[in-house]
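Residue numbers (the numbering used here): -8 to 100. Structure first, then comments.
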Amino acid sequence: MHELAIAESVVEAILERTEQRQVTTVRLAVGKLSGVVPDALEFCFDLATSGTPLEGASLEIVEPSGQARCHACQREFDVDDLILLCPCGSADVEVVAGRELSVTSVEVV
Ligand SMILES: [Zn+2]
């Protein structure tokens, strides 16, 4: 499962910085176009943190929406799924936001 690998690498990256301190809250930005399902990620986060100083930490996920720019008409528009089609009909579009997956903050005791 894709989300488990992501959860594990997030946990690993946090542990590298917080070491043995107990983490109470982890905030993540998961872009709507990242292909990651927040519910699945949350479930996997619980598995990945088990037995680490992150165990029991609450996970808060924000989902920035997607933005794309059309190369044909230069318009920028919102995209909430992976159908990248400009209202002008062109599919020559570039995703400019919404693919991010990042830790935005962590609270430690
Ligand atoms: Zn267009």
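Ideal Cβ placement from N, Cα and C applies to all residues, glycine included. All values derive from a computational prediction rather than experimental measurement.
Can you grab the Cα-Cα spacing for the pair residue i / residue j, in whole Å?
i: E(-6); j: C77; result: 29 Å
i: P29; j: A63; result: 33 Å
i: E46; j: S25; result: 25 Å
i: S96; j: V53; result: 12 Å
With DSSP run on the structure shown, which of helix, strand or coil describes residue i?
i: D72; result: coil
i: A(-4); result: helix
i: A19; result: For the record, residue 19 in the displayed sequence is Leu; it is not Ala. Strand.
i: E7; result: helix
Give a yes or no on whether the C-beta atoms belonging to residue i and residue j are separated by under 8 Å.
i: D69; j: G57; result: yes
i: L75; j: V87; result: no
Going by DSSP, which residues form a beta bridge with residue i?
i: V84; result: C61
Just curious, the beta strand (DSSP E) that residue i is in, first and last residue?
i: E91; result: Premise fails: E91 is in no beta strand (DSSP E) and is neither H nor E.
i: L50; result: 49 to 53
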